[in-house]
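Input: a single structure, listed below in structure tokens.
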Amino acid sequence: QKEVEQDPGPLSVPEGAIVSLNCTYSNSAFQYFMWYRQYSRKGPELLMYTYSSGNKEDGRFTAQVDKSSKYISLFIRDSQPSDSATYLCATDYGGATNKLIFGTGTLLAVQP
Amino acid sequence: DVKVTQSSRYLVKRTGEKVFLECVQDMDHENMFWYRQDPGLGLRLIYFSYDVKMKEKGDIPEGYSVSREKKERFSLILESASTNQTSMYLCASSLSGTGTAFFGQGTRLTVV
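Going line by line, the protein sequences match chains A and B.
Letter 31 of the first sequence, counting from 1, is numbered 31 in the numbering used here, and no numbers are missing.
Here the numbering used here = 1-based position in the second sequence + 112.
See below:
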């Protein structure tokens, strides 16, 4: 079993839709949870970062962590064509070396 | 803003060549990482370094070596390039204990 599982998609939605992206993880020791956005042929950029359980909101983006069910979610409200990208979830034990463990990524396409 | 700079965006090398990929970060981060990214496999950690001259193997170190002589610079070396090393290579850096990493733009390496 992979430590972080993510549906690869692709996910296609119309502009303005609410998007829900999800990951599950297997190790309850993970403390940090991240979402990265990666445009085609570019490096991943950090989008959201959450420590432990709870919600975090930044503009149209909301990250949610449920440690009891080992479930990580990213919600995008009022999705835009510019949101079309691959979204990667990542987790970390929280040690000094920050050795992140990534999901395989979900490809999102927002249709105008 | 954190900046992680990879020396080349695209490289084409011949089988058997020794290949150097360079990465520089400007935020005084202790940790630096090299990943490769392949379709369907996600990001896989090759090597990481938590201090100058310190290195640890990641999940797929075979065929690679690294060098970290200065805090800001982390080099990935392909000792004898092979076609199965054709991939997107991503460098990242992070501050210890923060649970996040920042990525460069990536180097698309093709070995022919």
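Every residue, glycine too, gets a C-beta built ideally from N, C-alpha and C.
Am I right that residue i and residue j are in contact with their C-beta atoms under 8 Å? What's the rounded C-beta distance?
| i | j | result |
| --- | --- | --- |
| methionine 48 of chain A | phenylalanine 61 of chain A | 6 Å |
| aspartate 138 of chain B | glutamate 184 of chain B | 7 Å |
| glutamate 3 of chain A | serine 26 of chain A | 5 Å |
| proline 173 of chain B | isoleucine 158 of chain B | 6 Å |
| leucine 21 of chain A | methionine 34 of chain A | About 13 Å separates the two Cβ atoms, so there is no contact after all. |
| glycine 9 of chain A | leucine 74 of chain A | The Cβ separation is near 13 Å, so there is no contact. |
| threonine 212 of chain B | glutamine 118 of chain B | That belief does not hold up - the Cβ atoms of threonine 212 of chain B and glutamine 118 of chain B are roughly 19 Å apart, past 8 Å. |
| valine 124 of chain B | threonine 222 of chain B | 5 Å |
Would you list the residues sitting across from residue i in a DSSP beta bridge?
| i | result |
| --- | --- |
| valine 178 of chain B | B:Leu188 |
| glutamate 45 of chain A | A:Arg37 |
| isoleucine 72 of chain A | A:Cys23, A:Val65 |
| alanine 109 of chain A | A:Ser12 |
| asparagine 80 of chain B | What is shown of chain B runs 113 to 224, which leaves residue 80 of chain B out entirely. |
| tyrosine 32 of chain A | A:Tyr51, A:Asp92 |
Name the residue from the options whose alpha carbon lies nearest to the alpha carbon of residue i.
| i | options | result |
| --- | --- | --- |
| threonine 104 of chain A | B:Gln118, B:Gln149, B:Ile172 | B:Gln149 |
| serine 187 of chain B | B:Phe160, B:Ala193, B:Ala213, B:Asp171 | B:Phe160 |
| valine 65 of chain A | A:Thr24, A:Asp7, A:Ile101, A:Gly16 | A:Thr24 |
| tyrosine 201 of chain B | B:Ser194, B:Ser208, B:Ala213, B:Gln217 | B:Gln217 |
| proline 14 of chain A | A:Asn22, A:Asp78, A:Tyr71 | A:Asp78 |
| methionine 166 of chain B | B:Ala213, B:Ile172, B:Val178, B:Ile158 | B:Val178 |
| asparagine 143 of chain B | B:Gly209, B:Leu221, B:Glu134 | B:Gly209 |
| phenylalanine 214 of chain B | A:Arg37, A:Asp7, A:Ala85 | A:Arg37 |
| threonine 86 of chain A | A:Asp92, A:Ser40, A:Phe102 | A:Ser40 |
| tryptophan 146 of chain B | B:Cys135, B:Asp140, B:Arg126, B:Thr127 | B:Cys135 |
| glycine 128 of chain B | B:Leu207, B:Ser194, B:Gly170, B:Asp171 | B:Ser194 |
| phenylalanine 102 of chain A | B:Leu207, B:Val116, B:Tyr122, B:Gly152 | B:Gly152 |
| glycine 59 of chain A | A:Val110, A:Thr91, A:Ile76 | A:Ile76 |
For a contact defined as C-beta to C-beta under 8 Å, what are the partners of residue i on chain B?
| i | result |
| --- | --- |
| phenylalanine 61 of chain A | Going along chain B, no residue has its Cβ under 8 Å from phenylalanine 61 of chain A, so there is no contact; the nearest lies around 15 Å. |
| threonine 104 of chain A | Gly152, Leu153, Gly154 |
Under DSSP, the beta strand (DSSP E) around residue i begins and ends at which residues?
| i | result |
| --- | --- |
| glycine 154 of chain B | 154-163 |
| asparagine 55 of chain A | 54-58 |
| alanine 204 of chain B | 199-206 |
| serine 12 of chain A | 11-14 |
| leucine 221 of chain B | 219-223 |
| glutamine 137 of chain B | 131-137 |
| glutamate 5 of chain A | 4-6 |
Tell me whether residue i counts as near the ligand MG, meaning its Cβ is closer than 7 Å to at least one heavy atom of that ligand.
| i | result |
| --- | --- |
| aspartate 140 of chain B | Looking at this structure, you won't find the ligand MG or any other ligand, since it has none at all. |
Going along chain A, which residues have a C-beta under 7 Å from residue i?
| i | result |
| --- | --- |
| glutamine 217 of chain B | Lys42, Gly43 |
| leucine 188 of chain B | Under the 7 Å cutoff, chain A gives no residues; its nearest Cβ is about 14 Å from leucine 188 of chain B. |
For a contact defined as C-beta to C-beta under 9 Å, what are the partners of residue i on chain A?
| i | result |
| --- | --- |
| leucine 202 of chain B | Gly43, Pro44 |
| leucine 123 of chain B | Under the 9 Å cutoff, chain A gives no residues; its nearest Cβ is about 14 Å from leucine 123 of chain B. |
Using a cut-off of 8 Å between C-beta atoms, extract the partners of residue i located in chain A.
| i | result |
| --- | --- |
| leucine 221 of chain B | Within 8 Å Cβ-Cβ: nothing; leucine 221 of chain B doesn't reach chain A, min ~13 Å. |
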